[in-house]
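See below for the structure under consideration.
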Amino acid sequence: MQMKFTRTVLAGMAAMLLSTALALPAQAAELRMAWSQDATGLDPHTQTAFSSLRLLELIYEPLVRLDAKLDVVPAVAESWSFSDDGLTLTFKIDANAKFSDGAAVTSEDVKASFERLLDEATAAAARSNFLSISAIEAPDPATVVFTLSQPDAPILVAMATINAAVVPAKAIADGSIATATLGSGPFVLDQWDPNAKEVLSVNPNWAGGDIAYDGITISVLPDETAILASLRAGQTDFALLNDPLVATLVPNEPNLQLNAVPGLAYNVLQLNPSRAPMDNLKLRQAISCAVDRQDILDTALVGEGKVTGPLTMPAYASDPSTLFCYEQDLEKAKALMAESGVDGFTAKVIAATGEPPVASAEAQVLQSQLAEIGITLEIELMELNVYVDRWLAGDFDMAVALNGGRPDPYPMYNRYFTKEGNLVKVSNFTDDEIDSLLQQGRVETDIAKRKEIFQKFEARLAELSPWIWLSTSNLYTAQLKTVSGFESSATGTLFGVTKITLAQ
């Protein structure tokens with residue numbers, strides 16, 4: 062059966078936003094934002110830090126995006142269709158889609174973008190999500206055709222990320238992507254003072270409709286209590302908060318509103334199974350049994366979240382209590398340590414300052430818990446850009462991380478845990494059964510069968526314990542009560558700022 066999806070325009074929305082914008086006083090024509098962590102780079106295809114993605118998704122667009130309900134909706138593409146055999150995926154590009162310099166987005170830009178993603182030399186963060194693409198054709202400027210080597214059930218979800226942004230073919234050719242931004246998204250980056258501020262103006266060529274203000278100035282304030290103070294003083298309109306302790310203070314403020322939504326991202330202790338003694342299965346399992354996940358959640362995240370297994374999306378997740386050793390069992394942990402033949406050891410755990418702000422606290426609780434089975438953890442805190450480089454290189458014994466979640470398990474984990482995964486160096490772990498289950502889930506289109514496959518995947522991953530999954534967090538934004546219209550998303554995207562209106 063052929064499936065086709067098209068763009069639906071909400072009549073009157075643009076007129077309503079425009080009339081609101083025109084009614085605003087001059088000082089309200091700018092949205093004043095704040096966040097605690099700055100971007101680490103500008104290349105949408107290679108960035109992995111949340112702080113970078115949050116900025117770049119305001120500037121670039123993928124072919125499709127996820128809405129607040131996590132449904133795939135149009136972005137650069139206005140429609141798409143699969144062939145009956147599922148091996149051809151055809152997109153029609155929105156005739157109004159333009160880059161911020163006024164140039165039309167064409168199929169050649171899409172083709173060049175995905176060829177760049179698939180080029181190993183690019184080191185694209187999402188490369189392994191698109192290995193089923195065997196050919197890309199651009200038969201006319203408004204049409205791009207992907208030929209697939211096999212059915213790929215989650216490919217649309219995989220494409221709905223800024224790591225699959227459509228960038229200008231000319232920017233690829235001249236090598237400017239990492240140093241200058243030129244996207245088709247809602248905003249243009251006019252100024253970037255690293256670790257200080259970003260200034261964005263509305264892209265007049267954006268095909269997504271009118272925005273009710275002229276631009277955004279983002280202040281980078283590493284201390285989130287300073288962000289809260291700025292909100293209280295009315296100096297900031299809208300802010301991203303990562304620290305749950307600060308977020309829980311917002312509802313006490315009469316002029317502020319807190320937006321909170323359960324996130325798909327997960328807090329995790331990543332072990333490095335390529336380094337002894339983490340190459341020992343019994344030792345990894347002992348660590349899993351020694352960890353009290355609820356205690357870490359209650360202590361480091363002040364209870365703001367929930368204990369999770371590897372799969373964080375409701376459609377596929379198992380009850381964590383059914384997974385291997387998901388409640389602390391010190392006796393079992395000590396028995397597994399004895400079976401491992403490892404009589405205690407010292408390891409370094411790396412953690413970033415600022416993203417997430419709870420990483421240091423998580424590391425300290427883990428340090429205390431693992432001491433119970435003779436493991437001495439030395440905590441190594443570092444700036445985010447240094448951490449990301451170490452993390453991408455797999456240069457750690459253990460790492461406290463906050464990794465992104467997706468609505469589908471395959472694009473969430475194939476890059477880490479398949480032999481062809483482009484981030485397998487981060488996990489330093491492969492397993493034939495894990496690899497096979499991921500591939501089965503990729504080609505299976507029956508929802509019930511996919512759930513069965515991925516629950517087997519989740520159970521085995523938890524049992525093999527290359528990583529120790531801890532919890533999901535709530536995602537927070539805070540705003541003045543004069544701000545309205547923002548839509549939160551479980552992915553953490555701030556694309557919803559395009560719907561904000563500012564009252565007088």
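For what it's worth, my numbering labels the leading residue of the sequence shown as 62, then goes sequentially. Where is the CB? At the ideal position from N, CA and C, for every residue including glycine.
Mind checking residue i: buried by the 16 CB within 10 Å criterion, or exposed?
i      : result
Asn157 : exposed
Ala376 : exposed
Glu388 : exposed
Lys153 : buried
Ile508 : exposed
Glu259 : buried
Phe406 : exposed
Pro135 : buried
Asn224 : buried
Pro312 : exposed
Gln252 : exposed
Ser112 : buried
Ala182 : exposed
Is residue i near the ligand ADP, in the sense that its beta carbon is under 6 Å from a heavy atom of that ligand?
i      : result
Ala300 : Ligands displayed in this structure: none; no statement on the ligand ADP is therefore possible.
Measuring CA to CA, which of the options is closest to residue i?
i      : options                        : result
Thr543 : Leu453, Arg293, Ala184, Leu119 : Arg293
Asp145 : Pro212, Pro202, Gln108, Ala95  : Pro212
Arg126 : Ala219, Gly465, Ile120, Ala187 : Ala219
Arg177 : Ala129, Gly246, Ser429, Asp235 : Asp235
Phe457 : Pro468, Gly465, Ile440, Pro472 : Ile440
Ser401 : Pro371, Lys343, Gln430, Leu358 : Lys343
Gly435 : Asp251, Ala408, Ser545         : Ala408
Arg188 : Tyr477, Val206, Asp404         : Tyr477
Thr383 : Gly163, Arg451, Leu522         : Leu522
Asn264 : Ile272, Gly270, Pro247         : Pro247
Met374 : Glu519, Asp356, Thr286         : Glu519
Arg115 : Glu314, Val558, Leu397, Val329 : Val558
Lys486 : Arg345, Gln331, Glu505, Tyr537 : Gln331
Thr538 : Ala308, Ala399, Ile495         : Ala308
Ser262 : Ala273, Ile277, Ile272, Gly270 : Ile277
Leu362 : Ala203, Ala186, Leu463         : Leu463
Ser193 : Leu302, Asp450, Gly482, Phe385 : Gly482
Over the uninterrupted alpha helix (DSSP H) stretch that includes residue i, give me the two end residues.
i      : result
Val218 : 216-220
Arg467 : Run containing Arg467: none; DSSP gives neither H nor E here.
Val487 : 485-488
Val449 : 445-454
Glu519 : 508-525
For the beta strand (DSSP E) that contains residue i, what are its first and last residues?
i      : result
Pro105 : Per DSSP, Pro105 belongs to no beta strand (DSSP E) and is neither H nor E.
Phe207 : 204-209
Asp251 : 248-254
Gly502 : No beta strand (DSSP E) holds Gly502; the alpha helix (DSSP H) holding it covers 493-504.
Tyr537 : 528-541
Lys367 : 366-368
Lys153 : 149-154
Ser262 : 258-263
Phe143 : 138-143
Ala95  : 91-96
Could I get the ranges of all uninterrupted beta strand (DSSP E) runs contained in the region 275-356, with 3 residues as the minimum, in chain order? Considered as a whole, the region 275-356 harbours 276-281, 299-302, 317-332 as its complete beta strand (DSSP E) runs of no fewer than 3 residues, in chain order.
- contact_flag[the region 283-299, the region 482-493] where n(CB pairs < 8 Å) is 3 or more: No, the region 283-299 does not touch the region 482-493.
Counting Cβ pairs, one atom from each stretch, are 3 or more of them under 8 Å apart for the region 536-552 and the region 313-332? At 8 Å Cβ cutoff, the stretches touch.
inquiry  = Across the region 196-203 and the region 159-173, are there enough close Cβ pairs to call them in contact, namely three or more that are closer than 8 Å?
reply    = With a cut-off of 8 Å on Cβ pairs, the region 196-203 is in contact with the region 159-173, counting three or more such pairs.
- Query: Touching or not, the region 297-304 and the region 94-111, by the rule of three or more beta carbon pairs under 8 Å?
  - Reply: Contact holds: three or more Cβ-Cβ distances are below 8 Å.
Q. For the region 469-483 against the region 421-432, are there 3 or more C-beta pairs whose distance is under 8 Å?
A. Because the criterion of three Cβ pairs below 8 Å is not met, the region 469-483 and the region 421-432 do not touch.
Can you list, in chain order, the stretches of the alpha helix (DSSP H) that have 4 or more residues and sit fully within the region 396-432? List check, alpha helix (DSSP H) in window: 420-432.
Quick check: the region 411-427 against the region 443-455, are there 3 or more CB pairs under 8 Å?
The region 411-427 is in contact with the region 443-455.
- prompt: Would the region 521-533 and the region 389-398 be scored as touching if the rule is three or more Cβ pairs under 8 Å?
  reply: Contact between the region 521-533 and the region 389-398 is absent, because fewer than three Cβ pairs lie under 8 Å.
What are the uninterrupted segments assigned as alpha helix (DSSP H) that are 4 or more residues long and contained completely in the region 164-210, given in chain order?
Within the region 164-210, the complete alpha helix (DSSP H) segments at least 4 residues long are 168-179, listed from N- to C-terminus.
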